[in-house]
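Quick note, the sequences are listed as chains P and H, same order.
In this text, residue positions in the first sequence follow my numbering: the first is 1, and each later residue adds one.
In this text, residue positions in the second sequence follow my numbering: the first is 1001, and each later residue adds one.
From the three backbone atoms N, C-alpha and C, an ideal C-beta is built for every residue, glycine too.
Keep in mind that this is a model prediction, so the values were computed, not measured.
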Amino acid sequence: TISMAVIDKMGHIAVGTSTNGGTFKIPGRVGDGPIPGSSSYGDDEVGACGASGDGDIMMRFLPCYQVVESMRRGMEPQDAARDAISRIARKYPDFVGAIFAVNRKGVHAGACHGWTFQYSVRNSSMHDVEVITIYP
Amino acid sequence: MGRSSVRLLVGLLLLRSDWCLAVNSGGPAEVSGAFPLVVSTWPFREAVRAAWEVVSASDGGGSAVDAVVAGCSACEVLRCDGTVGPGGSPDENGETTLDALIMNGATMEIGAVAAMRYVKDGIKAAKLVMDHSLHTLLVGEKATDFAISMGLPGPINLSSPESLEKWRNWRQNHCQPNFWKNVAPAGSCGPYRPISVAQALDSVKREVEGSQGGACQEWFQSDNLLEPINSHFKFIDRHNHD
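As structure tokens, then:
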């Protein structure tokens, strides 16, 4: 799955997700990719979020909606990402998933559970894409 | 601007610089330079570069929405990790279907497609839903019909030699692992029928004992009895995830 967030020069935010889902899924199964607030969510007033992992579990918690709403209430991206992941892990200790969060100022962070996660970033102060590794 | 105003401005700039450094040193969080900004799950560099090209263009830059479409489309073409676009993640019938979503954070508009068959452009189909309907999510072959009617190419077979090979190997491995629970047969391909937890335990025990002698005793004495039968076969990793 790719989940992507972009803030353009006007400060407008868009997010998107594209995936072919889990391998050997039961035909008809839909993951969290197309569920608003699960694999991605964004609001110009607050920031954005992208996620990857076990969509069958993640879609039960709408973690990206949670991240954006936590940031709206004043949480920093890193705390918001960790909080969203911990809410899932508390109920599903074996769950595998990850999240990145970015606020409207451009501060970004990631959190993960059950695997090592990487996310990619490019902004105007970078010469090329930078990859950030997050450990569970 | 008076001298005191200049001092104030310089002071504020220095203060901001210190704040950035403080946040940078605090952990994985980073402070960006000026906008635009592109962030993506996984080390999908080409996807981020594609989005960056759109949003950073010297003629004022494209919109965030257009950049997301460009970035996700790049991953669909490149089949990033086999988890994006056509030719990956076959289902139990060996078929690849696509899920995609796009959201405009300025207007809170969303378009999405789910379990879409026969169209390879997932994110473009999602944007068509957002731009040309009042709905949020279309699914299955009706999503396919919509996408094709709006001009996307199709219908086309989304399988690849690699995805079909992976599927054939899985069939030869008795359709293991899989996503079923509390069904019989537990250790082979379907068709499956629902059974109670007690029946499922008995069924698995017979199957395991038949193939391994008494080797399943330890498993049956563990906390696995608390789990729905088959769920311990679930597998999520870098190349199999949403």
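*Do we get a CB-CB distance below 8 Å when we pair Asn1178 of chain H with the residues of chain P?*
Locating residue 1178 of chain H in the second sequence gives position 178, counting from the first residue. For Asn1178 of chain H, the answer is yes, since a Cβ of chain P falls inside 8 Å of its Cβ.
*Neighbour list for Ser1188 of chain H in chain P, Cβ cutoff strictly below 8 Å*: Taking the second sequence and counting its residues from 1, the one referred to as residue 1188 of chain H is at position 188. Those do not exist, as Ser1188 of chain H stays about 14 Å from chain P at its closest Cβ, beyond 8 Å.
*If you count every other CB in all the chains shown that lies within 10 Å of the CB of Asn1173 of chain H, and 16 or more means buried, which is it?*
In the second sequence, the residue the question calls residue 1173 of chain H occupies position 173. The residue is exposed, with fewer than 16 neighbouring Cβ atoms inside 10 Å.
_Test item: CB-CB of Cys8 of chain P and Ala1064 of chain H under 8 Å_ = The sequence position of residue 8 of chain P within the first sequence is 8, counting from 1. The sequence position of residue 1064 of chain H within the second sequence is 64, counting from 1. The question names Cys, but residue 8 of chain P is Asp in the sequence shown. Yes, they are a contact pair.
*Sort out for me which residues DSSP pairs Cys49 of chain P with in a bridge.*
Along the first sequence, read from residue 1 onward, the residue named residue 49 of chain P stands at position 49. For Cys49 of chain P, which the question treats as bridged, DSSP gives the partners P:Tyr41 and P:Ala101.
*Taking Gly1122 of chain H as the reference, which of H:Val1084, H:Met1103, H:Asn1104 and H:Ser1149 has the closest Cα?*
Here residue 1122 of chain H is taken as the residue at index 122 of the second sequence, counted from 1. Looking at the Cα atoms, H:Val1084 is the closest of the given residues.
*List the residues of chain P whose Cβ lies closer than 8 Å to the Cβ of His1174 of chain H, in chain order.*
By 1-based counting over the second sequence, the position of residue 1174 of chain H is 174. Near His1174 of chain H there are no residues of chain P at all, since even the closest Cβ is about 12 Å away, more than 8 Å.
*Should Met1108 of chain H go down as buried or exposed, given a rule of 16 or more other Cβ atoms within 10 Å for buried?*
Here the question's residue 1108 of chain H lines up with position 108 in the second sequence. Exposed, because fewer than 16 other Cβ atoms sit within 10 Å of the Cβ of Met1108 of chain H.
*Cross-strand partners of Glu130 of chain P (DSSP beta bridge)*: The residue you call residue 130 of chain P lines up with position 130 of the first sequence. Answer by DSSP bridge pairing, in chain order: P:Val121.
*Using beta-carbon positions only, say whether Ala48 of chain P and Val68 of chain P come within less than 8 Å of one another.*
As a first step, residue 48 of chain P must be located in the first sequence, where it is residue number 48. As a first step, residue 68 of chain P must be located in the first sequence, where it is residue number 68. Their beta carbons are under 8 Å apart, which means Ala48 of chain P touches Val68 of chain P by this criterion.
*Is it buried or exposed for Asp43 of chain P, if we count other Cβ within 10 angstroms and need 16 for buried?*
By one-based count along the first sequence, residue 43 of chain P stands at place 43. Answer is buried; the Cβ neighbour count reaches 16.
*For Thr1096 of chain H and Gln1217 of chain H, the rounded distance between their alpha carbons*: For the purposes of this step, residue 1217 of chain H is taken as the residue at position 217 of the second sequence. For the purposes of this step, residue 1096 of chain H is taken as the residue at position 96 of the second sequence. Reliability fails at Gln1217 of chain H, whose pLDDT of 47 lies under 50, so the model's placement of it is uncertain and the value that follows must be treated cautiously. The straight-line gap from Cα to Cα measures roughly 39 Å.
*From the beta carbon of Tyr65 of chain P, is the nearest beta carbon of chain H less than 8 Å away?*
Indexing the first sequence from 1 puts residue 65 of chain P at position 65. Not one chain H Cβ lies under 8 Å of Tyr65 of chain P.
*asked:* Looking at the secondary structure, which residues open and close the beta strand (DSSP E) in which Cys1075 of chain H lies?
replied: Within the second sequence, the letter at position 75 stands for residue 1075 of chain H. No beta strand (DSSP E) contains Cys1075 of chain H, which is instead part of the alpha helix (DSSP H) from Ala1064 to Leu1078.
*Would you say the stretch 51 to 65 of chain P touches the stretch 84 to 98 of chain P, given that touching needs at least three Cβ pairs under 8 Å?*
yes
*Got a sec? Which residues, its chain only, sit under 8 Å from Asp128 of chain P by beta carbon, not counting five neighbours each side?*
Here residue 128 of chain P corresponds to residue number 128 of the first sequence, with the count starting at 1. Excluding positions up to five away in sequence, the list reads Arg122.
*Hey, would you say Val1039 of chain H sits closer than 8 Å to Phe117 of chain P, going by beta carbons?*
In the second sequence, the residue the question calls residue 1039 of chain H occupies position 39. In the first sequence, the residue the question calls residue 117 of chain P occupies position 117. Their beta carbons are not under 8 Å apart, which means Val1039 of chain H does not touch Phe117 of chain P by this criterion.
_Assuming the contact rule is C-beta atoms closer than 8 Å, Ala1100 of chain H and Ala1125 of chain H should be a hit. Round their C-beta distance to whole Å, please._
What you label residue 1100 of chain H is simply residue 100 of the second sequence in a count that begins at 1. What you label residue 1125 of chain H is simply residue 125 of the second sequence in a count that begins at 1. With 8 Å as the limit, Ala1100 of chain H and Ala1125 of chain H qualify as a contact, their Cβ atoms being about 6 Å apart.
*In chain P, which residues lie less than 7 Å from Asn1104 of chain H when you measure between Cβ atoms?*
Sequence index remark: in the second sequence, residue 1104 of chain H carries index 104 (1-based). Near Asn1104 of chain H (Cβ distances below 7 Å), the residues of chain P are Ala14.
*Hey, Gly50 of chain P and Asp1242 of chain H: beta-carbon distance below 8 Å or not?*
Within the first sequence, the letter at position 50 stands for residue 50 of chain P. Within the second sequence, the letter at position 242 stands for residue 1242 of chain H. The answer is no: Cβ separation not under 8 Å.
*asked:* Tell me whether the stretch 16 to 26 of chain P and the stretch 1175 to 1188 of chain H touch, counting them as touching only if at least three CB pairs, one residue from each stretch, are closer than 8 Å.
replied: yes
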